[in-house]
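**Q**
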Amino acid sequence: MKNALRIFSLLLVVMMFSSVAYAASPWTEQSTYADKVVHKLDFGIKNLFGGWTEIFTAPMRAKDAGKNCMSGVGEGLMNAIVYTVGGALHTATFPLPIDVPLPNNGVSFD
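When we follow my numbering, the leftmost residue of the sequence shown carries the number 420, and every step to the right adds one.
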């Protein structure tokens, strides 16, 4: 019971602070409950299993922007962890239309 309370408290704190810093996730724009649930599950799975790709894509984005690649490595490691954990939270809580915003709206495969 104590662990469940700790996890719930941590979730509330993350949602409270992250909602101030990040924009809403794209699935929140859906109009019906069924659409939100399906898109939230899709968003969660995409970030859960694709979050690790940020380790490679963030340095490439930094290089393309004319920045030092090493700054992209740190950003990539941080994003990989945040996206994977955020994806796990979205996947685990997909029946509840509660948003946990991710930086840059999560993983982008564009």
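For every residue, glycine included, the Cβ atom is placed at its ideal position computed from N, Cα and C. Please read all numbers here as calculations on a predicted model, not as lab measurements.
If you reduce the DSSP assignment to three classes, tell me which class Pro-445 lands in.
**A** If DSSP states are grouped into helix, strand and coil, Pro-445 belongs with the helices.
**Q** Below 8 angstroms CB to CB, which residues in the same chain sit around Ser-438 once its five sequence neighbours on both sides are set aside?
**A** Confidence in Ser-438 is poor, its pLDDT being 47 and thus under 50, which makes the residue's placement unreliable; the coordinate value appears in the next sentence. For Ser-438, where only same-chain residues beyond five positions count, the Cβ hits under 8 angstroms are Asp-518 and Pro-520.
**Q** Should Ala-499 and Ser-490 be called a contact, given that it needs their Cβ atoms to be closer than 8 angstroms?
**A** Against a cut-off of 8 angstroms, the Cβ pair of Ser-490 and Ala-499 comes out as no contact.
**Q** Mapping the DSSP letters down to three states, classify Gly-505 as helix, strand or coil.
**A** Gly-505: helix per DSSP, three-state reduction.
**Q** Could you give the DSSP three-state label for Leu-429: helix, strand or coil?
**A** DSSP places Leu-429 in helix when its eight states are reduced to three.
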